[in-house]
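Residues in the sequence shown are numbered from 1 upward in steps of one, following UniProt numbering. Scroll down for the structure; my scribbles are underneath it.
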Amino acid sequence: MLDFFTIFSKGGLVLWCFQGVRGPAATAPVNALIRSVLLQERGGNNSFTHEALTLKYKLDNQFELVFVVGFQKILTLTYVDKLIDDVHKEFRDKYRNEFQQKGALGLLNGTFDFKDDFMRLLRDAEESSKVRAPTVMKTFEQSLKSQKTVKCMIETRGEKPKEKVKNKKNKGSKKDGTEAVAVPSKASAGDKQLSAAGDKEELTKDEILQKNREEFFRRHMKAGEKSRSPKPDAQKEKGKKPRVWDLGNSNAKVLDYSNSATNGSAEACPVEEFDPDMALGDKNREPGRLYDLEYESDDEAEEEKIVQNPSKPSVKKGGLGGMFGMLKGLVGSKSLTREDMDPVLEKMKDHLIAKNVAAEIAVQLCESVAKKLEGKVMGTFTTVTSTVKQALQEALVQILQPQRRVDVLRDVMDAQRHRRPYVVTFCGVNGVGKSTNLAKISFWLIENGFSVLIAACDTFRAGAVEQLRTHTRRLNALHPPESHGGRTMVQLYEKGYGKDAAGIAMEAISYARNQGFDVVLVDTAGRMQDNAPLMTALAKLIAVNAPDLVLFVGEALVGNEAVDQLVKFNKALADHSMAQTPRLIDGIVLTKFDTIDDKVGAAISMTYITSKPIVFVGTGQTYCDLRSLNAKAVVAALMKA
């Protein structure tokens with residue numbers, strides 16, 4: 001039983017609709033399909049699930065039409081694919097002249113009486129599914145097991161399978177041939193030993209070879225020891241002298257930092273001396289501004305060269321360009337087929353995988369582009385390669401542009417009006433740079449005038465608290481309280497190691513609310529996505545403290561692993577949450593972007609699999625090496641040959 005079937009244009013005009021059951025209209029699920037799939041260029045799979053419904057769709061790129069059918073997802077309707085193909089073909093053929101002659105006016109003023117045709121096609125599709133005979137289980141006589149005899153299935157203890165014995169015989173024959181030339185005397189010695197043993201025990205060829213090898217190595221080692229003569233000058237001094245380092249200190253008390261009085265006390269910690277220019281990097285930057293990623297493609301470089309020397313191209317454009325443009329308008333057009341696009345799409349898929357896009361995502365992207373272009377009219381002088389490449393670029397830009405933009409500064413100011421701190425939680429696997437990029441984001445927030453409290457909730461990794469303490473000292477040195485009216489802009493809240501991370505985060509948020517901090521940045525321990533106990537602890541931390549923003553920190557070096565990490569992190573947060581609507585990842589921090597050159601595929605994989613925006617991009621080691629994502633720059637790097 002179908003819930004609905006609708007036909008509408010890509011401009012949003014509903015041409016015809018069929019309502020199969022009484023209930024809510026098809027508006028909500030179709031709008032969800034448009035927002036989540038069609039506008040986001042995620043057409044690799046022709047099926048979409050919305051609440052209790054499954055939607056299947058088909059695109060007509062020649063007339064810009066969309067055919068959508070919806071049914072309950074608990075049902076298994078085998079005729080839906082045939083039905084949507086038949087309806088697509090019937091509707092096109094019936095109203096082809098109206099679309100071609102009147103164009104957009106035909107859609108606005110036309111009347112599409114398609115109910116009788118649809119009911120006929122629906123009956124035919126249902127009947128065709130019933131005609132198919134159900135699959136019958138094979139009888140025992142038809143199976144391969146019935147052809148085996150009882151004797152071949154009996155295994156005697158100690159007997160080896162025939163194939164393995166043959167392989168061993170072949171290996172033994174090769175070894176016999178190679179070693180018979182090198183050591184003929186040993187083989188004869190082995191034969192004598194066998195004859196002396198008599199009927200006591202028969203040895204296999206492999207065991208004989210093993211004994212011969214051991215005997216050979218034993219004699220060889222004895223001969224080597226006899227040939228060596230002891231050297232009188234090589235007498236070593238007894239005992240072991242400790243190594244003395246040039247910059248070391250022999251006084252152990254100076255190196256002892258285990259005094260409990262200084263642990264966690266900001267006043268007792270000595271002020272660290274460092275070069276501010278090294279920590280800041282670019283001196284000409286604008287304080288508080290988050291710059292976009294920059295990338296210059298080869299096309300832009302070629303355009304600059306053409307602009308610098310415009311004399312020669314202008315002659316060609318005046319002579320042949322106008323004529324080609326005229327011919328392009330006069331000569332007939334061609335519609336793209338799947339056979340035309342397959343070779344180009346295969347090359348594009350390999351190119352994306354080489355650029356670090358996950359293989360599964362690359363296949364879905366190429367499938368989406370194929371569905372978008374199939375049947376589309378193409379100009380005669382426009383190549384298939386350029387058309388497919390242009391469509392793929394548009395799809396990639398659309399994927400990188402988020403459905404919901406995360407504006408951290410606006411959200412922090414909104415939290416200030418409600419007199420509460422804005423809480424951000426960082427999570428991710430081990431070694432991706434959570435603490436380092438947390439410090440960069442702290443510096444960016446401080447430069448925009450917000451005070452920050454860092455919650456050290458990584459109570460597992462050795463040195464995690466000390467790392468954050470060092471960052472806190474450096475940030476306070478760059479922005480001392482004297483420059484902000486005596487207000488300390490960044491503080492560290494820590495309770496040492498081995499404590500409950502969720503409890504520390506709760507105490508830090510309460511402390512920030514009482515002390516008037518604007519932002520709380522919660523650092524968590526790195527954990528692998530397959531570690532169930534640690535993922536449960538992370539879900540507990542997020543569920544208990546309800547942060548305003550949950551950021552997944554991932555490195556740009558990964559390929560297929562990015563998909564696995566994000567899917568399992570989201571799944572763990574959903575499974576271990578007690579709420580009806582569990583809190584999932586809200587955004588992504590992409591780190592180590594300066595190490596990958598033009599292999600930027602991880603950005604595509606992460607945004608495609610989660611539909612979440614990349615909020616920050618880490619591009620270096622200084623506090624200023626933080627960027628916002630520029631979708632066009634990433635796509636330009638991705639499409640570079």
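Glycine included, each C-beta is placed from N, C-alpha and C at the ideal position. All of these numbers come straight from a predicted model, not from anything done at the bench.
- Counting of Cβ neighbours within 10 angstroms places Met1 among the exposed residues, the total staying below 16.
- For the set Ala501, Pro547, Leu33, the Cα lying nearest the Cα of Gly526 is the one of Ala501.
- Here Asp342 is exposed, its C-beta having fewer than 16 other C-beta atoms within 10 Å.
- Assigned with DSSP and collapsed to three states, Gln210 falls in helix.
- Contact between Glu41 and Ala395 holds, since their C-beta atoms are separated by about 4 Å, short of 8 Å.
- When DSSP states are grouped into helix, strand and coil, Gln142 belongs to the coil group.
- Our two residues, Met606 and Phe552, have alpha carbons roughly 10 Å apart in a direct line.
- In the DSSP assignment, Asp60 falls within the beta strand (DSSP E) that extends over 53-60.
- Residue pairing of His50 in beta bridges, as defined by DSSP: Leu53.
- For Val66, same chain residues with a beta-carbon under 8 Å away, outside a window of 5 residues either side, are Ile7, Phe8, Ser9, Lys10, Leu38, Tyr57, Lys58, Leu59, Asp60 in chain order.
- Measuring C-alpha to C-alpha distances from Cys624 to each of Leu75, His50, Glu286 identifies Glu286 as the nearest.
- Bridge pairing for Gly587: Leu551 [DSSP].
- Of Leu629, Asp81, Phe63, the smallest CA-CA separation from Gly70 is found for Asp81.
- In the same chain as Gln19, and ignoring 5 residues on each side of it, the C-beta atoms closer than 6 Å to its own belong to Phe4, in chain order.
- Here Lys612 is buried, its C-beta having at least 16 other C-beta atoms within 10 Å.
- Shown here for Pro402: same chain residues with a beta carbon closer than 6 Å to its own, the five before and five after excluded, namely Pro613 in chain order.
- Put simply, of Ile509, Thr382, Val558, Arg35 the residue whose alpha carbon is nearest the alpha carbon of Leu541 is Ile509.
- Shown here, Asp292 sits in a strand according to DSSP, grouped into three states.
- DSSP places Gln515 in the uninterrupted alpha helix (DSSP H) bounded by 501-515.
- Going by DSSP, Asp530 is part of no beta strand (DSSP E) at all; its letter is neither H nor E.
- Counting the other Cβ atoms within 10 Å of the Cβ of Glu494 gives 16 or more, which makes it buried.
- A direct Cα-to-Cα measurement between Glu64 and Gly620 gives close to 46 Å.
- Three or more pairs of CB atoms, one per stretch, sit closer than 8 Å, so the segment 401-419 contacts the segment 512-523.
- Taken through DSSP and simplified to helix, strand or coil, Gln364 comes out as helix.
- Residue pairing of Met378 in beta bridges, as defined by DSSP: Lys334.
- DSSP places Ala579 outside both helix and strand once states are collapsed to three, so it counts as coil.
- Looking at the DSSP output, Thr425 sits in a beta bridge with Val522, Val550.
- Nearest in C-alpha terms to Tyr497, of all of His471, Ala455, Gly485, is Ala455.
- According to the DSSP secondary-structure assignment, Gln491 is paired through a beta bridge with Leu453.
- Bounds of the beta strand (DSSP E) holding Ile7 are 2-9.
- Between Ala602 and Gly559, the beta carbon gap of about 7 Å places them in contact (Cβ cut-off 8 Å).
- Between Glu360 and the set Ala562, Trp444, Phe48, Phe112, the nearest pair of CA atoms involves Ala562.
- DSSP places Leu409 in the helix class (H, G or I) of the three-state scheme.
- It is roughly 42 Å from the alpha-carbon of Leu345 to the alpha-carbon of Gln580.
- Within the same chain, and ignoring the five residues on either side of Val567 in sequence, the residues whose Cβ sits closer than 7 Å to its Cβ are Ile609.
- Here Cys17 has Thr6 as same chain residues with Cβ atoms under 6 Å from its own Cβ, once five neighbours each way along the sequence are excluded.
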